[in-house]
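Below is one structure, written out as structure tokens, with a few remarks after it.
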Ligand code: SAM
């Protein structure tokens, strides 16, 4: 911990709350975060900071694509780790919400993983931006406990919102550990969690219309489903929302349920219907054998 404080002082960096600069100082948590990474893996790291995770990732023989917003930390890493691991660390300076996969592009089809000790303020917007193709195979995320509760919120829980539905539609949580404030410098006021998420074999990503309906329903979460669908103002979204509601009813879901009561499969159905409405050939095919 003293070493990190000294290093920050020598770089004239005072840890910024706004940038979520709580640096990992616990070796066991760092080891656990990179445990599933091996030689030749491609890993995206968000906010490498002073390189606590980056160095361990590079030592496994992985190729690391990292994005850091703070130019002082970026310059420190470029002069240090990038020189020590030439051709293995691809470091850019920028905002991970705008570039959620660092320098990997949307057209990139090669598999990759994510490892990140995420700055609190960007946890939701970064996940929101990441949940598009190409999806990572797996993610190890250090987040505030409260954010972990929202990401993993089960059906019927008060914490459940659009982010839990979208993450749950594409990933399964295979590991969850509470992490004490003493594992970071400076110590955050709250506890953290380490999550390991693996991509589902059948991930569903929500395209824009389905995403808008999902957000609308959670925005008016006190309303019953039937009422919130009826309140959708955009006529372009109505046919999708109404067909989805009718299918839910047909499958035995109570139209008086609230959005948090629906299962991940109920929500995934919204995107599946959207897909069928946009490609009638797929619709005709699925009509022959009900996908439900
Ligand atoms: N990975 C390092 C570690 O584990 O010690 C640092 C983690 S610290 C919680 C978050 C890091 O993300 C900081 O280095 C911060 O400067 C950086 N950061 C904050 N906002 C960012 C953004 N929008 N895009 C990229 N990096 C960001």
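In the working numbering, the protein residues as written are 30 to 321.
Heads up, the beta-carbon is just placed ideally off N, CA and C, and yes, glycines get one too.
Model, not experiment: these values are computed from the prediction.
Inclusion of residue 99 in the 7 angstroms shell around the ligand SAM follows from its C-beta lying nearer than that to a non-hydrogen atom of the ligand. Bounds of the alpha helix (DSSP H) holding residue 84 are 81-88. Distances from the CB of residue 121 to the heavy atoms of the ligand SAM are all 7 angstroms or more.
When DSSP states are grouped into helix, strand and coil, residue 149 belongs to the helix group.
For residue 102 and residue 79, the gap between their C-alpha atoms comes out near 6 angstroms.
Relative to the ligand SAM, even the nearest heavy atom lies 7 angstroms or more away from the CB of residue 114. At least one heavy atom of the ligand SAM lies closer than 7 angstroms to the C-beta of residue 126. Fewer than three Cβ pairs drawn from the region 142-159 and the region 104-115 lie within less than 8 angstroms of each other, which leaves the two stretches out of contact. A distance below 7 angstroms between beta-carbons, with the five flanking residues on each side excluded, links residue 58 to the following residues of its chain, in chain order: 208, 212 and 223. Under the DSSP assignment, residue 180 falls in the alpha helix (DSSP H) whose first and last residues are 174-181.
Taking C-alpha positions only, residue 65 is separated from residue 141 by approximately 12 angstroms.
Of the residues assessed, residue 201 falls on the exposed side of the cut-off, its CB having fewer than 16 other CB atoms within 10 angstroms.
Where residue 34 is concerned, the enclosing alpha helix (DSSP H) starts and stops at 31-39.
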